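K.L.:
Have a look at the structure that comes next, please.
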Amino acid sequence: MPIHNTDIAKTFEKIADLLQLDNANPFRVRAYRNAARMLNGMNQEVSTLINQKADLTRLPTIGKDLAAKIEEIIHTGKCLALEKLRQTHSTDLTELLRIPGLGPKKVHALYHDLDVHTPEQLLRAAKDSRLQTIHGFGDKTSQTLIKNIESHLQKKRRIKLAVAAQYAEPYTAYLNKQAQAQEVVIAGSYRRCKDTVGDLDILVCANNSKPVVQAFVEYDEVANVLSKGSQRSTVVLKNSLQVDLRVVTKKSMGAALHYFTGSKAHNIAIRRRAQQQGLKVNEYGVFRGYTQIAGNTEESVYKTVGLPWIPPELRENQGEIEAAEKNKLPNLVELQNLQGDLHAHTKATDGYNSLKEMAEAAKHYGLSYLAITEHSKHLTVAHGLTAERLLKQIDEIDKLNDTLDGITVLKGIEVDILEDGSLDLPDTVLAKLDLVIGAIHSNFKLSRDKQTRRILSAMQHPYFSILAHPTGRLLEQRDAYDVDMNRIIREAKQRGCYLELNAQPDRLDLSDVYCQMAKTEGVLISVNSDSHNINGFDNLKFGIGQARRGWLEKSDVLNTRSFTQVQELLRRTMV
DNA sequence: GCCGTTTTCGGCCCGACTGTTTTCAGTCG
49 MPIHNTDIAK TFEKIADLLQ LDNANPFRVR AYRNAARMLN GMNQEVSTLI
99 NQKADLTRLP TIGKDLAAKI EEIIHTGKCL ALEKLRQTHS TDLTELLRIP
149 GLGPKKVHAL YHDLDVHTPE QLLRAAKDSR LQTIHGFGDK TSQTLIKNIE
199 SHLQKKRRIK LAVAAQYAEP YTAYLNKQAQ AQEVVIAGSY RRCKDTVGDL
249 DILVCANNSK PVVQAFVEYD EVANVLSKGS QRSTVVLKNS LQVDLRVVTK
299 KSMGAALHYF TGSKAHNIAI RRRAQQQGLK VNEYGVFRGY TQIAGNTEES
349 VYKTVGLPWI PPELRENQGE IEAAEKNKLP NLVELQNLQG DLHAHTKATD
399 GYNSLKEMAE AAKHYGLSYL AITEHSKHLT VAHGLTAERL LKQIDEIDKL
449 NDTLDGITVL KGIEVDILED GSLDLPDTVL AKLDLVIGAI HSNFKLSRDK
499 QTRRILSAMQ HPYFSILAHP TGRLLEQRDA YDVDMNRIIR EAKQRGCYLE
549 LNAQPDRLDL SDVYCQMAKT EGVLISVNSD SHNINGFDNL KFGIGQARRG
599 WLEKSDVLNT RSFTQVQELL RRTMV
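Sequential numbering from 49 applies to the first sequence in this note's numbering.
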C-alpha cells in the first residue's frame, strides 16, 4: 500500500494530540500540526520526493527530525515516536479534545477526577450533575458541554460551498439591512472558495457594533447562541451550521478582512514577516509601536509588509507569499474569461431540457459555444445513448445549429470507460463527433494499479479528448477512486488530451491541488458545468473558484479560447 | 520541533469571550 501525504499528516496530528495531553511545549505541538497542514496541502506526494532522493528539510515546516519521521513512515509504515506515546497513554483521550470547550487541562481533570475518557461517558457525567464536583467546572460549563457533545456525536461534517452559499447570502442580505452596517462581507474559507466549509465567518463594518451583534443573534435561522460579546458573536443555525460574526470600524476593515479570510497558515506567515520588520499585524490594523500605519484596506496591509495584494483563493501558505515577493503571482482566470462549456446533458438522457433550451440558456449566460455530451448506453440509469440514438442527435444538432445565432452547439459524448479501458461506443460513431469525453461511472473499487491502467488505456484511444471528473470524488459522500493522478497528468501531456474540472458543487473534480499539478505539467483544464438543466451554468462560478485555488490562469483553461481555437485544439486530440 | 538580513539559541501570532473567579486561566478562531 502506498503511503500518502494524508497518512503522514494523520500520524503527525495524532502525535500532536498526545503531546498536547502531556502538556508538552505548545510550540512543539504546533510544529507537528503545521507539518500536517503543509502535507495535506502539498501538490506532490512526499513518497515521490523520497524516490527522487529530494531533501525533505527544504519543505516548509519540515526540519531534520520531521524529515526523518516522514522517511520512517514511508519506509516502514510505522512511526516509533507515536508508538511510544501510545504506550504511555493507556487510555486514548484524544477524541475528547475534539469537543469544543475542552482543552488538555479540562480533559485531564475529567479523566483524573471522574475517570471520563469518552464523549459518551462525559455526556452521562454532565447529565448526572457530576461535573460540578470538579474545580473549574460550573453549571454553565456543564450545560454547554452537553450541547457540544451531542453535536459532536452527530458527527457534524463540513458542508459544500454551494450549500453554504444558500445560507450565507440571505444572512448577509439581512445584516446589510441593519442601519448601522456599512459593509457586510463573508470571509473565511468561503471567501477562499474552498470546496467545503466548516463554518461561516461574517465581517461587518460599523461604527456602533452592539446593534449589529444584537441583530445577528436575532436572525430567524439562529437555533443557538454560543457567545455574544460587544464585537464578536458565534451562533449555530437550525441546520447546525456555525456562524461567527466580527464587527470592526472602517479604519480596521482591511486588516480584519485579511485576518478573518485566513488561512491560518497564511496569516501566521504574514505576521512573522511583519514582526521581522518591527511591525505588528492584528485584526485592527498594522502597527508600529502604538501607531496604526495601515489596515483600512487589504492592499494597505500587504503593502506594509512589502507585498502586492494576494487573491484570497491563493492564501494557503503554499508558495503564494514567495511568488508575491518575486512579483510572480498568477493572473488568475475569471468567470468572464469562459467562452464556452464542453460538458452538458439534455432530456435525451438524464437532463431536463431540450437541445434548443440548453443552447439558448448557455447563450443567455454569455457563452458562445456549448458541447452536448450525453451519457453512453452502458449507463442505463441515465438512459445512455446507443450508437443509433447518438447518430440521430448528431443530425438534430446540425439542424439546430442552422437556426441558432450567437451560439454554436458542439457534438460530443460523455462515453463510459469500461472496466478494461475500452470505450462504450464504436469508433465509427465517435469519429463523427467534435469531442469525446471519457468518464468512469462503474467499478470504482478497482486496485490503484488497475484503475490507473484503465484510465491510461482509455486516454490512448484515437478519439479521446477530455477526461471527465478525473478522480470521481463526491464531496462528503464518496472518496476519489484510488488512482495515480501524477501519472495520469503526465500521460495526458504526452498523449495531448485534456482534463476536466467538473464544476458541479458535489464534485469540483479536479481538486485545487491536482489543477496546480496539471498546470505545472502543461496540461490544459476544461472548466465544465456538467449542466443537466438550464440553471446548471451557474455552477461554473464554483468551478472557476476551484480553478483559481489551483493557480490557473486564463491560458491554462481550455474553454477560455474562442470557438475556432477550441475546435482546433479538440481536433488535435485525434490521433 | 522549526527557524535564521537579530543564524546554532531563544524566540515562536494575537486578541476576544466565557466561566468561575475575585484577578484570571482556558479555550477559540
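Yeah, the Cβ is synthetic: ideal placement off N, Cα and C, and Gly gets one too.
Since this is a predicted model, take the numbers as computed values, not measurements.
Does the stretch 219-230 come close enough to the stretch 171-188 that 3 or more CB-CB pairs lie under 8 Å?
P.N.:
no
K.L.:
Using 8 Å as the threshold, is the C-beta distance between residue 375 and residue 360 below it?
P.N.:
Against a cut-off of 8 Å, the Cβ pair of residue 360 and residue 375 comes out as no contact.
K.L.:
Does the count of Cβ pairs from the stretch 545-554 and the stretch 507-521 closer than 8 Å reach three?
P.N.:
By the C-beta criterion, the stretch 545-554 is judged to be in contact with the stretch 507-521, since at least 3 inter-stretch pairs fall below 8 Å.
K.L.:
Do three or more CB pairs link the stretch 454-466 to the stretch 427-441 at distances below 8 Å?
P.N.:
yes
K.L.:
Between the stretch 257-272 and the stretch 165-175, are three or more C-beta pairs nearer than 8 Å?
P.N.:
no
K.L.:
To which residues of the same chain is residue 377 closer than 6 Å at the C-beta, ignoring the five residues directly before and after it?
P.N.:
371
K.L.:
Please name the residue in 291, 207, 146 and 139 whose C-alpha comes closest to that of residue 233.
P.N.:
291
K.L.:
Residue 136 by DSSP, collapsed to three states: which one?
P.N.:
helix
K.L.:
Using the DSSP secondary-structure output, state which residues sit across from residue 255 in a beta bridge.
P.N.:
Residue 255 pairs with nothing; no bridge assigned.
K.L.:
When the Cα of residue 128 is compared with those of 107, 63, 144 and 93, which residue comes out closest?
P.N.:
63
K.L.:
Skipping 5 residues on each side, what residues in its chain have a beta carbon closer than 8 Å to that of residue 195?
P.N.:
So the qualifying residues of the chain are 272.
K.L.:
Excluding the five sequence neighbours on either side, which residues of its own chain have a C-beta within less than 6 Å of the C-beta of residue 532, listed in chain order?
P.N.:
So the list reads 500, once near-sequence residues are dropped.
K.L.:
Report yes if the C-beta distance between residue 299 and residue 344 is below 8 Å; otherwise report no.
P.N.:
The answer is yes: Cβ separation under 8 Å.
K.L.:
Hey, out of 364, 167 and 328, whose CA is closest to residue 82's CA?
P.N.:
364
K.L.:
Can you tell which of 132, 209, 205 and 216 has its C-alpha closest to the C-alpha of residue 587?
P.N.:
209
K.L.:
Which term fits residue 490, buried or exposed, when burial requires 16 or more other beta carbons within 10 angstroms of its beta carbon?
P.N.:
exposed
K.L.:
Is residue 551 helix, strand or coil when you go by DSSP?
P.N.:
coil
K.L.:
In the structure shown, what three-state DSSP assignment does residue 490 receive?
P.N.:
coil
K.L.:
Spatial neighbours of residue 240 within its chain, please: CB distance less than 8 Å, with the 5 preceding and 5 following residues excluded, ordered by chain position.
P.N.:
Scanning its chain for C-beta atoms nearer than 8 Å, with the 5 sequence neighbours on each side dropped, one finds around residue 240 the residues 309, 310, 311, 360, 361, 363, 364 and 597, in chain order.
K.L.:
Please work out which residues of its chain come closer than 6 Å, Cβ to Cβ, to residue 606, disregarding the five sequence neighbours upstream and downstream, and give them in chain order.
P.N.:
546, 572 and 574
K.L.:
Does the distance from the C-beta atom of residue 556 to that of residue 243 stay below 8 Å?
P.N.:
yes
K.L.:
Would you please state the rounded distance, in angstroms, between the beta carbons of residue 483 and residue 390? I believe it to be under 8 Å.
P.N.:
6 Å
K.L.:
Look up residue 508 in the DSSP assignment and say whether it is helix, strand or coil.
P.N.:
coil
K.L.:
Between the Cα of residue 155 and those of 70, 100, 91 and 94, spot the shortest distance and give me the residue it belongs to.
P.N.:
Nearest of 70, 100, 91 and 94 to residue 155, Cα basis: 70.
K.L.:
With residue 280 as the anchor, note down where its beta strand (DSSP E) starts and where it stops.
P.N.:
280-285
K.L.:
Could you compute how far the alpha carbon of residue 561 sits from the alpha carbon of residue 184?
P.N.:
44 Å
K.L.:
Less than 8 Å between the C-beta atoms of residue 398 and residue 426, yes or no?
P.N.:
no
K.L.:
Give the DSSP bridge partners of residue 333, in chain order.
P.N.:
According to DSSP, residue pairing for residue 333 in a beta bridge involves 330.
K.L.:
Can you name the start and end residues of the beta strand (DSSP E) that residue 579 belongs to?
P.N.:
Premise fails: residue 579 is in no beta strand (DSSP E) and is neither H nor E.
K.L.:
Mind reading off the beta-carbon distance from residue 565 to residue 91? Whole number of angstroms is fine, and I expect it under 8 Å.
P.N.:
Contact flag correct, Cβ pair sits at about 5 Å.
K.L.:
Start and end of the beta strand (DSSP E) containing residue 460?
P.N.:
From DSSP, the beta strand (DSSP E) with residue 460 extends over 456-464.
K.L.:
Given a threshold of 16 other Cβ atoms within 10 Å of its Cβ, counted over all protein chains shown, does residue 53 qualify as buried or as exposed?
P.N.:
buried
K.L.:
Would you please state the rounded distance, in angstroms, between the beta carbons of residue 424 and residue 472? I believe it to be under 8 Å.
P.N.:
4 Å
K.L.:
From which residue to which residue does the alpha helix (DSSP H) around residue 340 run?
P.N.:
Here residue 340 belongs to no alpha helix (DSSP H); instead the beta strand (DSSP E) covers 339-342.
K.L.:
Can you tell me which of the three DSSP states residue 363 falls into?
P.N.:
Three-state result, residue 363: coil.
K.L.:
Starting from residue 96 and walking both ways along the alpha helix (DSSP H), at which residues does that stretch end?
P.N.:
It spans 94-99 - the alpha helix (DSSP H) in which residue 96 sits, taken as one unbroken run.
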